[in-house]
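Using the working numbering, read the sequence shown as starting at -8 and increasing by one per residue. Glycine included, each C-beta is placed from N, C-alpha and C at the ideal position. Report on one structure; see the data block that follows.
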Amino acid sequence: MRISPNQWDSLASVAPDVLAHRLFDILNEHVPESLEDDREVTVDAIAQQIKRARGYRLESEYEVSVYVLCALLLGDDFDERFPEAGKVLALDTAGRDKAQWLRSWTEVVFTTLNE
-8 MRISPNQWDS
2 LASVAPDVLA
12 HRLFDILNEH
22 VPESLEDDRE
32 VTVDAIAQQI
42 KRARGYRLES
52 EYEVSVYVLC
62 ALLLGDDFDE
72 RFPEAGKVLA
82 LDTAGRDKAQ
92 WLRSWTEVVF
102 TTLNE
């Protein structure tokens, strides 16, 4: 199944608490070892990352999910610890472009670390 950027954009109005629970469920299904044992603590942490993502004008579920996953993999403050990421996120460009850049950049970071 393929979801178009327009379909992702239509999901932008999902409430942060609903999205946080949904992301927890997805992450728990695929990478349970990366989550805290306490569901509510983890959902609250995800909700905080959703707020940070939206501060960078990442609005759709896809865009926010990419940001949250980056925070999970690289640390809650990855946007500050990795200046390049912070600069791109601060640009006045479309959220989906930022999310795509984050996906590609994260792959490069982990490929480099794996060498």
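Nonlocal neighbours in the same chain, by C-beta distance under 7 Å from residue i, ignoring five residues either side
i	result
V34	A11, H12, F15
Residue range of the alpha helix (DSSP H) that includes residue i
i	result
Y53	52 to 65
D8	7 to 21
T33	30 to 46
L70	Going by the sequence as given, residue 70 is Asp instead of Leu. Element bounds for D70: 69 to 72.
Where residue i sits in the DSSP three-state scheme
i	result
T97	helix
E27	coil
L80	helix
E106	coil
Residue environment, residue i, which counts as buried when at least 16 other CB atoms sit within 10 Å
i	result
L82	exposed
W59	Trp is not the amino acid found at residue 59; the sequence shown has Val there. By the neighbour-count rule (16 or more Cβ atoms within 10 Å), V59 is buried.
S51	buried
G66	exposed
Own chain, CB closer than 8 Å to residue i, minus 5 neighbours either side, in chain order
i	result
E71	G77
E27	T33, A36
Candidates the options, of which the one nearest residue i by Cα
i	options	result
D88	Y53, L65, D29	Y53
A38	T84, E106, D8, Q91	D8
Cβ neighbours of residue i in the same chain (closer than 6 Å, five flanking residues each side left out)
i	result
T93	What sits at residue 93 in the sequence shown is Leu, not Thr. Excluding sequence neighbours, L93 sits near V57, C61.
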